[in-house]
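Q: If you count the sequence shown from 1, you need to add 2 to reach our numbering.
We put the beta carbon where it would ideally sit given N, CA and C, even for glycine.
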Amino acid sequence: MTPATQFKPHAHSNAVSSARPMQPYWAEVAEIQAEAPGVSTFWLRFLDESLRTSYRFLPGQFNMLGVPGLGESAISISSSPEKLDRIGHTVRFVGNVTQAISRLKVGDVVGVRGPFGSAWPLERLKGRDIVLAAGGIGLPPLRSALYPIMNHRSDYERVVV
Ligand SMILES: Cc1cc2nc3c(=O)[nH]c(=O)nc-3n(C[C@H](O)[C@H](O)[C@H](O)COP(=O)(O)OP(=O)(O)OC[C@H]3O[C@@H](n4cnc5c(N)ncnc54)[C@H](O)[C@@H]3O)c2cc1C
Numbered sequence: 003m004t005p006a007t008q009f010k011p012h013a014h015s016n017a018v019s020s021a022r023p024m025q026p027y028w029a030e031v032a033e034i035q036a037e038a039p040g041v042s043t044f045w046l047r048f049l050d051e052s053l054r055t056s057y058r059f060l061p062g063q064f065n066m067l068g069v070p071g072l073g074e075s076a077i078s079i080s081s082s083p084e085k086l087d088r089i090g091h092t093v094r095f096v097g098n099v100t101q102a103i104s105r106l107k108v109g110d111v112v113g114v115r116g117p118f119g120s121a122w123p124l125e126r127l128k129g130r131d132i133v134l135a136a137g138g139i140g141l142p143p144l145r146s147a148l149y150p151i152m153n154h155r156s157d158y159e160r161v162v163v
């Protein structure tokens with residue numbers, strides 16, 4: 003049997019729209035960044051080039067990352083919503099799916115369904131102080147809010163992490 007991490011679907015199998023949330027978009031692992039023991043950030047690039055510009059998400063949202071043949075897990079997006087060429091997901095390896103993600107190599111392909119979930123209301127926070135509070139694996143998703151705040155720093159008052 004072909005190991006799941008060697009699964010290489012054709013780019014055109016990405017031909018899905020957000021109207022079909024149950025069907026994954028295929029993305030390759032572009033880079034893996036070790037963050038801490040048992041935690042790495044996976045930078046994913048969609049195989050379908052049109053998705054690299056059309057896919058959008060809001061700070062705080064998550065994707066379902068799927069390893070073919072093994073299953074999928076909810077993983078928050080940990081990169082900036084203003085930088086869409088590669089999407090970051092920071093994963094703590096705890097069980098079946100996340101351990102399978104830990105074995106992925108650059109060039110391997112995963113399924114991405116999403117984005118899902120509600121978002122942090124950065125528009126509403128303009129002109130106000132912001133306190134970002136999190137611990138452990140809850141911290142990386144805050145980066146999806148922190149980068150736009152840093153990029154538009156004058157829109158906000160005090161920012162405390
Ligand atoms: C909306 C949402 C966003 C999430 N974002 C992230 C994220 O950005 N990064 C990330 O790493 N995880 C995130 N998670 C958690 C992630 O989805 C789970 O850790 C993952 O689905 C576990 O699947 P698994 O198959 O690896 O483990 P399973 O095989 O399902 O579980 C194996 C064992 O590990 C235990 N376990 C499961 N999760 C954890 C945990 N987090 N800590 C300690 N023990 C655990 C289970 O109780 C079980 O005993 C998020 C979850 C949700 C709902």
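Please confirm whether L148 and L127 have their CB atoms less than 8 Å apart.
A: no
Q: Going by DSSP, what residue range makes up the beta strand (DSSP E) through Y27?
A: 27-38
Q: At the level of alpha carbons, what is the spacing between P123 and E51?
A: 29 Å
Q: Taking the alpha carbon of R47 as the point to measure from, which residue in P39, A38, V161, Y57 has its own alpha carbon closest?
A: Y57
Q: Using a threshold of 8 Å, state whether the C-beta atoms of G109 and P70 are closer than that.
A: no
Q: On the criterion of 16 or more Cβ atoms from any shown chain inside 10 Å, does Q63 qualify as buried, or is it exposed?
A: Answer is buried; the Cβ neighbour count reaches 16.
Q: Can you tell me the Cα-Cα spacing of I79 and E30, whole angstroms?
A: Going by the C-alpha atoms only, they are around 15 Å apart.
Q: Rounded to a whole number of angstroms, what is the C-alpha to C-alpha distance between H154 and G129?
A: 11 Å
Q: Locate the alpha helix (DSSP H) running through P150, then write down its first and last residues.
A: From DSSP, the alpha helix (DSSP H) with P150 extends over 145-153.
Q: Residues around ligand 1, please: the ones whose beta-carbon is closer than 5 Å to some heavy atom of it, in chain order.
A: F64, S75, A76, I77, S78, V93, R94, V96, G97, N98, V99, T100, I139
Q: Quick one: what's got a C-beta closer than 8 Å to S248's C-beta in the same chain, skipping five residues either side?
A: A query on residue 248 cannot be resolved here, the shown segment of the chain reaching from 3 to 163 and no further.
Q: Please classify P143 as buried or exposed, where buried requires at least 16 neighbouring CB atoms within 10 angstroms.
A: Buried, since its Cβ has 16 or more Cβ neighbours within 10 Å.
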